[in-house]
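Engineer:
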Amino acid sequence: MKRIPLILLFIFFIAETSFGEVYKWVDEKGVVHFTDDMTQIPEKYRRGIEERGVQEETKEPKSEDESPPKKKEDTYRDRIGRGEEYWKGRVEECKKKLQTLQESVENLRLKYNELTEKFNSSKSSAERGTIRNERELIKNQMDQYRNQIAEAKEMLERKIPEEADLYKAKPEWVKP
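Taking the working numbering, the leading residue of the sequence shown gets 101, the next gets one more, and so forth.
1) Can you say whether Y245 is buried or exposed, counting buried as having 16 or more other CB atoms within 10 angstroms of its CB?
2) Taking the DSSP output, what are the residues bridged to V126?
3) Against chain D, does Y245 count as a neighbour if the rule is that its beta carbon must be under 7 Å from one of theirs?
4) Apart from the five residues on each side of it in sequence, which residues of its chain come closer than 8 Å, Cβ to Cβ, to I104?
5) By Cβ distance, which residues of its chain are closer than 8 Å to E257, with the 5 residues on each side in sequence left out?
6) Give me the Cα-Cα distance between Q155 and I180, rounded to the nearest whole angstrom.
7) Just how far apart, CA to CA, sit N247 and E254?
8) Return yes when the Cβ of K218 is within less than 7 Å of the Cβ of I231, no when it is not.
9) Could you check what DSSP says for K195 in three-state terms: helix, strand or coil?
10) Three or more C-beta pairs under 8 Å: does that hold for the stretch 197-217 against the stretch 227-242?
11) On a CA-only basis, which of K259, T139, V205 and E192 is nearest I238? Give me that one, please.
12) Give the secondary structure of T175 by DSSP, where H, G and I count as helix, E and B as strand, and everything else as coil.
13) Mind checking which residues open and close the alpha helix (DSSP H) that includes L266?
14) Using the C-alpha atoms, what's the distance from K129 back to K170?
15) If you draw a straight line from the alpha carbon of E184 to that of K196, how long is it in whole angstroms?
16) Since R146 contacts I260 with CB under 8 Å, what's their CB separation in whole angstroms?
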């Protein structure tokens, strides 16, 4: 008796996973491949894929009182169901991170310049050595932030738009 609920759950999950999109692609040897996971398709073949899946039926209004179905643009989602809010949120999050990093670099640059002025006006070699070490630490931090800035820019300008394209999100959702 205890197995019946497990069997029902198993059947439910099998039925649930059977309704998905199937992708067809052809490799350079002409071999046709099918998969339900976009990530299984090699990068160089993703542009030439063909989608196959369950087509949605559109319900026509039965009377004038009944409103027509919503336009596809109003409820458009990417391939895995994410909408405009998700993509714009990712872009906004990346922009905020970029701005924070740029502000951090600017603050460190000002501090570096102050230490340089102190170094130049100092007559003590011990104090100059300490200031030199502090400047070196700040310079290393600035370099780390600059690398993170480059990564954030790469994310905004290339990676997020590529991911959006892969999942068929609207390009205007990810404009920086």
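Beta carbons: idealized from backbone N, C-alpha and C, even for Gly.
Structural biologist: The structure says:
1) Its Cβ being crowded by 16 or more others within 10 Å, Y245 is buried.
2) DSSP output for V126 lists V132 as bridge partner(s).
3) The structure shown contains no chain D; it holds only a single protein chain.
4) By the criterion of a C-beta distance shorter than 8 Å, I104 is surrounded by no residue of its chain, once the five residues flanking it on both sides are discounted.
5) These residues qualify, in order along the chain: P276.
6) Any answer about Q155 is weak, because its pLDDT of 46 lies below 50 and its placement is not dependable; what the coordinates show is given next. About 15 Å.
7) Their backbone Cα atoms lie some 11 Å apart in a straight line.
8) Closer than 7 Å, so yes.
9) Residue state for K195 is assigned as helix, using DSSP reduced to three classes.
10) Judged by pairs of C-beta atoms under 8 Å, the stretch 197-217 touches the stretch 227-242, as three or more such pairs exist.
11) In terms of Cα proximity to I238, the closest of K259, T139, V205 and E192 is V205.
12) Look at T175 here: in three-state DSSP terms it is coil, with no helix or strand label.
13) Counting along the chain, the alpha helix (DSSP H) containing L266 begins and ends at I260 to L266.
14) Any reading at K170 is ruled out, since the residue's pLDDT is 49, under 50, leaving its predicted position unreliable.
15) Cα to Cα, E184 sits roughly 18 Å from K196.
16) 16 Å between Cβ atoms; not a contact.
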